[in-house]
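Chemist:
Protein chains: 2
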Amino acid sequence: MSAVTMTMVAKQAGVSVSTVSHVINGTRPVAGATKQRVLATMDELGFTHKPVARSLAAGSTTTIGLSMSWVSSMYGQELVAGIEEECLRQGMQLLLADTRDDEDREERAVANLLAHHVGGMLVAPTARWHSATLRLLQEHSVPYVVIDRLQDMRVDQVGVENESGSSSVVEHLLQIGHRRVAAITGREGLATTRERLAGYRLAHRRRGLRVDERLVVSGGSTEQGGRRAMAQLLASGPAPTGVFISNDSMSIGALRALQEAGISVPGQMAVVCFDDFPWGDVFHPRLTTIAQPSFAIGARAVQLLVRRLSDPQAPAQTLRLAGEVTHRESCGCNGQGPDLGEFVEVHTPNVGVRHRGTAVRA
Amino acid sequence: MSAVTMTMVAKQAGVSVSTVSHVINGTRPVAGATKQRVLATMDELGFTHKPVARSLAAGSTTTIGLSMSWVSSMYGQELVAGIEEECLRQGMQLLLADTRDDEDREERAVANLLAHHVGGMLVAPTARWHSATLRLLQEHSVPYVVIDRLQDMRVDQVGVENESGSSSVVEHLLQIGHRRVAAITGREGLATTRERLAGYRLAHRRRGLRVDERLVVSGGSTEQGGRRAMAQLLASGPAPTGVFISNDSMSIGALRALQEAGISVPGQMAVVCFDDFPWGDVFHPRLTTIAQPSFAIGARAVQLLVRRLSDPQAPAQTLRLAGEVTHRESCGCNGQGPDLGEFVEVHTPNVGVRHRGTAVRA
DNA sequence: CTGTTAGCGCCTTCAA
DNA sequence: TTGAAGGCGCTAACAG
Chain A
37 MSAVTMTMVA
47 KQAGVSVSTV
57 SHVINGTRPV
67 AGATKQRVLA
77 TMDELGFTHK
87 PVARSLAAGS
97 TTTIGLSMSW
107 VSSMYGQELV
117 AGIEEECLRQ
127 GMQLLLADTR
137 DDEDREERAV
147 ANLLAHHVGG
157 MLVAPTARWH
167 SATLRLLQEH
177 SVPYVVIDRL
187 QDMRVDQVGV
197 ENESGSSSVV
207 EHLLQIGHRR
217 VAAITGREGL
227 ATTRERLAGY
237 RLAHRRRGLR
247 VDERLVVSGG
257 STEQGGRRAM
267 AQLLASGPAP
277 TGVFISNDSM
287 SIGALRALQE
297 AGISVPGQMA
307 VVCFDDFPWG
317 DVFHPRLTTI
327 AQPSFAIGAR
337 AVQLLVRRLS
347 DPQAPAQTLR
357 LAGEVTHRES
367 CGCNGQGPDL
377 GEFVEVHTPN
387 VGVRHRGTAV
397 RA
Chain B
37 MSAVTMTMVA
47 KQAGVSVSTV
57 SHVINGTRPV
67 AGATKQRVLA
77 TMDELGFTHK
87 PVARSLAAGS
97 TTTIGLSMSW
107 VSSMYGQELV
117 AGIEEECLRQ
127 GMQLLLADTR
137 DDEDREERAV
147 ANLLAHHVGG
157 MLVAPTARWH
167 SATLRLLQEH
177 SVPYVVIDRL
187 QDMRVDQVGV
197 ENESGSSSVV
207 EHLLQIGHRR
217 VAAITGREGL
227 ATTRERLAGY
237 RLAHRRRGLR
247 VDERLVVSGG
257 STEQGGRRAM
267 AQLLASGPAP
277 TGVFISNDSM
287 SIGALRALQE
297 AGISVPGQMA
307 VVCFDDFPWG
317 DVFHPRLTTI
327 AQPSFAIGAR
337 AVQLLVRRLS
347 DPQAPAQTLR
357 LAGEVTHRES
367 CGCNGQGPDL
377 GEFVEVHTPN
387 VGVRHRGTAV
397 RA
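Structure follows, in structure tokens:
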């Protein structure tokens, strides 16, 4: 039997329901003796608070929703961990919904969450999310913060510094002598895609080199796309000697293509990529990557949401956390390269840091 | 504004709330004309159903809860995907809570889910879950199904066939000539640990070999544990020539230890393990594994729950899905081994199958 | 076929 | 310092 209600507690303790309610919520002073009695009976009866009833009556919740595509990427695990951890600390509950990076699913997911009376939302938007989903969010006038794929809007959002991160690894390749460095870019329309590509270009500019546009290929952010993109790079024209891959899924696809073509890494092709793999230093090729501070991003997102919840008028804030270059062997510099740290300012925010394998610096 | 209620729809359409309710739920016949009118006004006003109010009033929900530790394992992603997919098909919502394989967190997680009025629960229990959590579940008399770590109880549960799976890969090592095959086992108290170890023993028995107990080491199911276990195996006594590792996290740890010791796989050490990696055929060493049908397991779990929801008196059911041996190179048989398929009956249940990379059969 | 009337468990004025 | 009473949005008898 779970049906221990406030009414039952009230009757048993010989007080009114409102007193019980106030004891629970600390929403008005209650005499010490009464309070103790209520607390005791609550404990005795095994009373549990029912958030749904509360939210119905009060119109608010301590539950927040998270809408993201976490099946498609390894990056999501740490993110969710960070979010959960911070939720715990803030005394909030988390409701999860998966979008699979599909706009329709996303709309349904958000609608669901909203229907479940979440008090706020964390959204890692899909590529073309604005249309319906954004409207939903705004119609319900629910506070939300955008994660990862930042928008050109005045909203609370937190993500990684894409441009500086990618520019530093690309510049590393250029610096150790590569002159034909390709880029496999993500899905069109994503801020991350745009910014990481910008980093790639910036690196060339810094070195006074011109980008050969034939070496810039879209991989659509998926594993299959990455595979195709790499295959295409290998097939057409003068092959690159190095490649920058814009996310983890595409990296796997690209590696698959390289393997199928019998090309060794880094021997015949240097590889650097965005997004780290937690097991990146165990398997070969050991990838040189930019690790996102996923855990911290998640935690910060919750903090941003909590802030907005308590102060709806606060100005919108955009947080950019620095990625961390994890230097391994796929770049082929054999430790002769520069310390990449000089390009990237690695600052890990003070929100609970997680170990992510052994980062080998050059 | 999100506050479009049934009452408003009723007034606008000139009917009573109960009619609106019945139109929505199809819970009693409504005249065609009336129904159309209600539907139209609902659409016009942008009405959204509020599940929390419904569950309060009806005492039931279409929301089910999932309590598991999915951050720690890659296996979890497919599982959740399978669960979600099936939930979608069954028209149910999913609430997620992470336990991090910690008993206290698990208790809180389950309590939370219960508090949110879930109509049923999916639980992938931690090692010592019975004490508090199970009681919670039963006190609330909520239907639940156990996933993965099956219990010795009469409850609905679904998991992989641990024993036959591990015995087949271990027997493979024995068959190609290994005589000192070690086992790195999981956390004590887990059914999976027990069963996978039993498979390891069974393989030896089948081949008429005795297990050297010094080669059986616990890795506690964690990456660190796997690393320590492997280090221990390498340090003490006569080293094994092959090893069976009981889950994915420990495999990563063990590989790390092997790498630190400068031991090549499969050259100096043959490796087989439970749990596959989605990217297992891209990186080296390419692990020979037993892939769990995670997606199917998730889907079946939902089906089991739905069945119990509709028929509380149905007899408890235990489902065992076959794992699939994914034969790659870490076993070192160089394709000379037998077709492992002859040991394992691979039957993929009819619940939506997912691609998981290219499985190379010997 | 449809409306009326109680609540579900809780919060929140308004009184006392 | 405390109670009583109304209502959040919806469902489910009970009446027509």
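Which chain is which? The protein sequence lines are A and B, in order.
Take any residue in the first sequence, note its place counting from 1, add 36, and you have its number in the numbering used here.
Take any residue in the second sequence, note its place counting from 1, add 36, and you have its number in the numbering used here.
Even for Gly, the Cβ is constructed at its ideal location relative to N, Cα and C.
Predicted model, so just to flag it, every value in this text is computed and none were measured.
Checking contacts by CB at 8 Å: is V53(A) closer than that to chain B?
Modeler: no
Chemist: What separation, rounded to the nearest whole angstrom, lies between the Cα atoms of T325(B) and N370(A)?
Modeler: A straight line joining the alpha-carbon of T325(B) with that of N370(A) spans about 32 Å.
Chemist: Can you give me, in chain order, the residues of the segment 123–137 of chain A that have a beta carbon less than 9 Å from any beta carbon in chain B?
Modeler: L124, Q129, L130, L131, L132, A133, D134 and R136
Chemist: Can you list, in chain order, the residues of its chain with a C-beta nearer than 6 Å to that of P374(A)? Leave out the 5 residues immediately preceding and following it.
Modeler: Residue placement at P374(A) is poorly supported in this model, since its pLDDT is 43, which falls under 50; the coordinates still yield a value, given next. Around P374(A): no qualifying Cβ.
Chemist: Does L306(A) come out as helix, strand or coil in the three-state DSSP assignment?
Modeler: The sequence shown places Ala at residue 306(A), rather than the Leu named in the question. Correct three-state label for A306(A): strand.
Chemist: When you compare the CB of F319(A) with every CB in chain B, is at least one pair closer than 8 Å?
Modeler: yes
Chemist: Give me whichever residues DSSP pairs with I183(A) in a beta bridge.
Modeler: V194(A)
Chemist: Does DSSP put E360(B) in a helix, a strand or coil?
Modeler: strand
Chemist: Any beta carbon of chain B sitting closer than 8 Å to that of A267(A)?
Modeler: no
Chemist: Can you pull out the residues from the segment 280–304 of chain A whose beta carbon lies closer than 8 Å to at least one beta carbon of chain B?
Modeler: I288, L291, R292 and Q295
Chemist: Quick check: the Cα distance between T354(A) and V308(A), rounded to an integer number of angstroms?
Modeler: Here the alpha carbons of V308(A) and T354(A) stand approximately 27 Å from one another.
Chemist: Do G101(B) and V154(B) have their beta-carbon atoms positioned less than 8 Å apart in this structure?
Modeler: yes
Chemist: Determine which residues of the segment 68–95 of chain B have a Cβ less than 7 Å from any Cβ of chain A, and write them out in chain order.
Modeler: T84, H85, K86, P87, V88, A89, S91 and L92
Chemist: Taking N61(A) as the query, report the chain B residues whose CB atoms sit under 8 Å from its CB, ordered along the chain.
Modeler: By Cβ distance, chain B contributes nothing, its closest Cβ being about 15 Å from N61(A), past 8 Å.
Chemist: Please compile the residues from chain A whose C-beta is within a distance smaller than 9 Å of the C-beta of H152(B).
Modeler: K86, P87, V88, T99, Q129, L131 and H152
Chemist: For E360(B), tell me which candidate among S202(B), V53(B) and Q126(B) has the shortest Cα-Cα distance.
Modeler: Comparing Cα-Cα distances from E360(B) to each of S202(B), V53(B) and Q126(B), the minimum goes to S202(B).
Chemist: Can you check whether the C-beta of E120(A) is within less than 8 Å of a C-beta belonging to chain B?
Modeler: yes
Chemist: Quick check on G262(B): does DSSP put it in helix, strand or coil?
Modeler: helix
Chemist: Name the DSSP beta bridge partners of V252(B), please?
Modeler: A219(B)
Chemist: Which residues mark the beginning and the end of the beta strand (DSSP E) in which M157(A) is found?
Modeler: G156 to V159
Chemist: So, with DSSP's three-state summary, where would you put H153(A)?
Modeler: coil
Chemist: Below 8 Å on the Cβ atoms is my guess for G262(A) versus A306(A); work out the distance and round it to an integer in Å.
Modeler: Between A306(A) and G262(A) the Cβ distance is about 16 Å, and since that is not below 8 Å, they are no contact.
Chemist: Contact between the segment 185–201 of chain A and the segment 138–155 of chain A: three or more CB pairs below 8 Å?
Modeler: Counting C-beta pairs with one atom in each stretch, the segment 185–201 of chain A and the segment 138–155 of chain A have fewer than three that are closer than 8 Å, which means they do not touch.
Chemist: For I326(A), report the span of its alpha helix (DSSP H) as first-last.
Modeler: Taken as a continuous stretch (DSSP letters only), I326(A) belongs to no alpha helix (DSSP H), being part of the beta strand (DSSP E) at T324 to A327.
Chemist: Tell me, to the nearest whole angstrom, how far the beta carbon of M128(A) is from that of T99(A); I am working on the premise that it is less than 8 Å.
Modeler: With a Cβ gap of about 7 Å, M128(A) and T99(A) count as contacting.
Chemist: In three-state terms, what does DSSP make of D375(A)?
Modeler: Summary for D375(A): the model assigns pLDDT 43, below 50, so the residue's position carries little reliability; its value from the coordinates is reported in the next sentence. Of the three classes helix, strand and coil, the one that applies to D375(A) here is coil, per DSSP.
Chemist: Helix or strand or just coil, what does DSSP make of S52(B)?
Modeler: It is coil, neither helix nor strand.
Chemist: If we ignore side chains and look at the alpha-carbon of each, how far apart do K71(A) and M44(A) end up?
Modeler: 16 Å
Chemist: Leaving out five residues before and five after Y399(B) in sequence, what residues of the same chain have Cβ atoms less than 7 Å from its Cβ?
Modeler: Because chain B here runs from 37 to 398, residue 399(B) falls outside it and cannot be looked at.
Chemist: In terms of alpha-carbon separation, which member of A93(A), F313(A), S282(A) and A265(A) lies closest to L294(A)?
Modeler: A265(A)
Chemist: Any Cβ of chain A within less than 8 Å of the Cβ of N198(B)?
Modeler: no
Chemist: Just the C-alpha distance for A160(A) and S105(A), rounded to the nearest angstrom, thanks.
Modeler: Spanning the two alpha carbons is a distance of roughly 7 Å.
Chemist: Could you tell me the distance, in whole angstroms, from the CA atom of L376(A) to the CA atom of D188(B)?
Modeler: With a pLDDT of 43 at L376(A), under the threshold of 50, the modelled position of that residue is not reliable, and no figure is offered here.
Chemist: Please list the terminal residues of the continuous alpha helix (DSSP H) segment that includes T229(A).
Modeler: A227 to R242
Chemist: Report yes if the CB atom of P321(B) is closer than 8 Å to the CB atom of P302(B), and no otherwise.
Modeler: yes
Chemist: To the nearest whole angstrom, what separates the beta carbons of S103(A) and V146(A), a pair I think is in contact under 8 Å?
Modeler: 5 Å
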